[in-house]
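First comes the structure, then the notes that go with it.
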Amino acid sequence: MTSRREVLRTLALLALAGCAPKGRSALPPGDLLGMAFALGHRLRRGDFPPPSETRRVGIAIVGGGISGLSAAWRLSKDGFDDYRVLELENEAGGNSRSGQSPLVAYPWAAHYLPLPPPEAIWVRELLAETGVLQRGKYAAKPTYDERFLCATPQERVFKDGVWHEGLLPAAGIDKQERAQQHLFQARMEELKQARGSDGRRLFALPMEESSADRDWRGLDRISFKQWLRDNGFSAPTLHWLADYACRDDFGTRHDQTSAWAGLHYFACRSGEAANAAPDHVLTAPEGNGWLTRALARPCGDRLQTGAAVWRIQEQKHAVAVDCWLAAEKRSLRLLADAAIWAAPAFLLPHVWSEAPDALRAAARAVTYAPWVVANLHLSGFPEEGFGVPLAWDNVLYDSPGLGYVVATHQLIRRQLPGTVLTYYRALADQNPIAWRLQLLALPREAWVHAILDDLSGPHPEIRQLVTRLDVFRYGHAMCQPTPGSIWGGGRKLLADYSGPRLTLAHADLSGFSIFEEAQYRGVVAAERLLKIRRLTRS
1 MTSRREVLRT LALLALAGCA PKGRSALPPG DLLGMAFALG HRLRRGDFPP PSETRRVGIA
61 IVGGGISGLS AAWRLSKDGF DDYRVLELEN EAGGNSRSGQ SPLVAYPWAA HYLPLPPPEA
121 IWVRELLAET GVLQRGKYAA KPTYDERFLC ATPQERVFKD GVWHEGLLPA AGIDKQERAQ
181 QHLFQARMEE LKQARGSDGR RLFALPMEES SADRDWRGLD RISFKQWLRD NGFSAPTLHW
241 LADYACRDDF GTRHDQTSAW AGLHYFACRS GEAANAAPDH VLTAPEGNGW LTRALARPCG
301 DRLQTGAAVW RIQEQKHAVA VDCWLAAEKR SLRLLADAAI WAAPAFLLPH VWSEAPDALR
361 AAARAVTYAP WVVANLHLSG FPEEGFGVPL AWDNVLYDSP GLGYVVATHQ LIRRQLPGTV
421 LTYYRALADQ NPIAWRLQLL ALPREAWVHA ILDDLSGPHP EIRQLVTRLD VFRYGHAMCQ
481 PTPGSIWGGG RKLLADYSGP RLTLAHADLS GFSIFEEAQY RGVVAAERLL KIRRLTRS
């Protein structure tokens with residue numbers, strides 16, 4: 001009898017590889033990469049040997065993504081260095097990791113940072129610390145290092161065989177649709193400045209600073225697609241833009257996304273600069289990898305990678321944190337005065353068996369989007385015979401993929417022999433569980449064929465240019481802000497929880513995964529423990 005997995009694998013192979021027609025050129029070399037699937041799945045079984053050693057530590061931080069690194073960064077800024085960061089993967093940074101070729105660095109996921117608004121004080125603090133924010137840390141319009149302001153052209157979209165400047169194609173559409181585009185853009189500009197009945201911004205960054213106005217929070221109960229329809233936005237290009245934005249930031253379609261979250265995507269980006277237009281973003285060849293390095297720098301050898309935390313037990317005077325050290329093939333116990341859980345919420349019930357029932361239920365209710373990211377190393381630049389020239393962000397209209405960013409775009413003044421394109425695909429077109437099964441089952445060849453087929457539309461010569469193509473699979477790339485998940489209660493329970501010795505930190509606590517939210521949650525968790533420490537010492 002054919003298993004469910006075999007059926008899914010067969011269907012996916014047909015969908016992705018398209019039966020691999022004869023005569024197709026040989027595939028470029030490369031690797032099929034991914035998160036530590038086997039170790040992550042082992043956490044659910046819990047079949048680890050007992051610890052062979054016990055060490056004392058002030059604070060144990062579980063998770064070395066942006067939240068965990070931000071917690072450590074905040075502790076270090078306060079002069080507290082008795083902590084240990086435990087990261088399951090062999091490299092810290094979570095979705096903000098990067099790679100390096102002989103030619104250029106490139107991202108493995110997150111690749112930009114919008115200009116931070118005044119409420120994002122800790123983002124500005126980090127940028128000032130790195131020298132990227134040069135003047136006016138608390139000003140409405142700070143000055144930024146021009147090397148990190150995205151070079152022009154910043155973005156374009158490929159539609160109907162032609163590249164269009166920006167994300168909303170203007171050519172080939174009628175006056176009524178164009179009028180709707182202008183109306184939508186004007187509405188989003190209004191919402192950036194709008195405030196609720198409590199005087200706070202309707203959509204702030206971090207999201208906890210947003211207005212508590214019930215009428216606006218009530219939009220969490222409907223989908224973003226429904227909000228567009230209710231407000232008279234029927235233009236196909238606007239629905240495509242909303243769907244693209246939701247897939248890009250949340251890994252969900254716009255009919256699966258909370259309207260509050262969808263509006264937050266557009267309206268929270270209210271940051272400005274003295275030396276750039278408001279729609280500019282901060283980026284580097286390696287995407288957000290430079291931010292990861294800045295946060296990790298204070299950790300030094302207090303950051304332990306390849307360390308899978310498989311059990312947490314709250315004791316009277318400590319928290320016992322048991323972790324499996326993969327390289328040493330043994331378990332280690334950290335007895336910590338306090339601990340920060342900065343790993344994804346869905347793992348918490350498997351690790352902390354004594355967690356309160358309501359907290360376990362809230363953690364299990366979080367859903368996650370699977371993703372695929374690929375880096376294509378090219379021997380030369382694609383020909384530009386279809387409209388506007390190559391941009392930093394190159395988006396594909398009505399495509400299974402989102403598009404790609406160009407790693408060498410910030411190095412535009414250099415004469416380079418080639419480049420690296422980072423291609424993104426949110427697997428949002430079927431059940432996430434089904435896609436996760438396919439991520440495990442599909443061979444690299446299927447993904448490579450699908451990616452090259454997708455890019456052959458705008459770049460027919462792509463197969464001749466690719467010298468290497470690596471594919472990275474994310475089974476739980478980001479939490480999904482589905483209708484009712486932002487202000488429905490479970491997320492807030494996770495965000496507000498702080499036990500006597502264990503506190504939580506992760507972008508999951510905000511309901512969607514972006515750098516600003518991940519950093520905020522890590523900083524807040526660190527400050528809670530620093531406050532407790534000051535109180536106990538006074």
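Each residue of the sequence shown is one higher than the one before, starting from 1 at the first, in the working numbering. Even for Gly, the Cβ is constructed at its ideal location relative to N, Cα and C.
Residue i in three-state terms, based on DSSP
i, result
"F472", "strand"
"A342", "coil"
"I462", "helix"
"W227", "helix"
"G271", "coil"
"A307", "strand"
"L43", "helix"
"T130", "helix"
"T152", "coil"
"F381", "coil"
"S52", "coil"
"D279", "coil"
"D454", "helix"
"P483", "coil"
"M478", "strand"
"V523", "helix"
"Y244", "helix"
"I514", "coil"
"L416", "coil"
"W435", "helix"
"F203", "coil"
"L291", "helix"
6 Å CB neighbourhood of residue i in its chain, flanking five on each side removed
i, result
"A436", "Per the sequence presented here, residue 436 reads as Arg, with Ala not at that position. So the qualifying residues of the chain are P370, G475."
"L86", "V62, Q304, A307, V309, C323"
"A343", "V62, G63"
"A245", "Y265"
"S510", "M207, E517"
"K225", "H254, D255"
7 Å CB neighbourhood of residue i in its chain, flanking five on each side removed
i, result
"A235", "E177, Q180, Q181"
"H409", "A151, W392"
"V123", "P116, E516, Q519"
"L167", "E155, V157, L241, V395"
"H111", "T283, G287, N288, V405, T422"
"T130", "A294"
Short Cβ contact (8 Å threshold) for residue i with residue j
i, j, result
"L33", "D337", "no"
"A518", "T252", "no"
"A434", "G289", "no"
"V162", "F148", "no"
"A274", "T143", "yes"
"W108", "F512", "no"
"Y83", "R311", "no"
"H449", "A345", "no"
"E119", "L238", "no"
"L335", "A320", "yes"
"G418", "G380", "yes"
"P539", "T503", "Outside the shown range of the chain, which is 1 to 538, sits residue 539, and nothing can be said about it."
"V420", "A407", "yes"
"L43", "A326", "no"
"G522", "A71", "yes"
Neighbour-count burial assignment, residue i, 16 or more Cβ in a 10 Å radius
i, result
"D249", "buried"
"H377", "buried"
"Y138", "exposed"
"N231", "exposed"
"L416", "exposed"
"E286", "buried"
"F37", "exposed"
"A212", "exposed"
"H164", "buried"
"I412", "exposed"
"N431", "exposed"
"Q256", "buried"
"T482", "buried"
Other residues of its chain near residue i: CB distance less than 8 Å, five sequence neighbours each side excluded
i, result
"L191", "L202, F203, L263, F266, A267"
"G23", "Low local confidence applies: a pLDDT of 45 at G23 is under 50, so the model's placement there is unreliable, with the coordinate-based value given in what follows. Excluding residues within five positions, none has a Cβ falling inside 8 Å."
"A170", "H164, R178, Q181"
"P400", "R425, D429, A450, D454"
"R195", "R201, L202, S211"
Is the stretch 86-104 in contact with the stretch 359-370, if contact means three or more CB pairs nearer than 8 Å? no
Three CB pairs or more closer than 8 Å across the stretch 216-225 and the stretch 249-267: yes
Does the stretch 389-396 come within contact of the stretch 140-160, defined as at least 3 CB pairs closer than 8 Å? yes
Segment contact flag, the stretch 45-63 with the stretch 329-336, C-beta cutoff 8 Å, min 3 pairs: yes
Does the structure place the stretch 345-352 close enough to the stretch 71-82 that three or more beta carbon pairs sit under 8 Å? no
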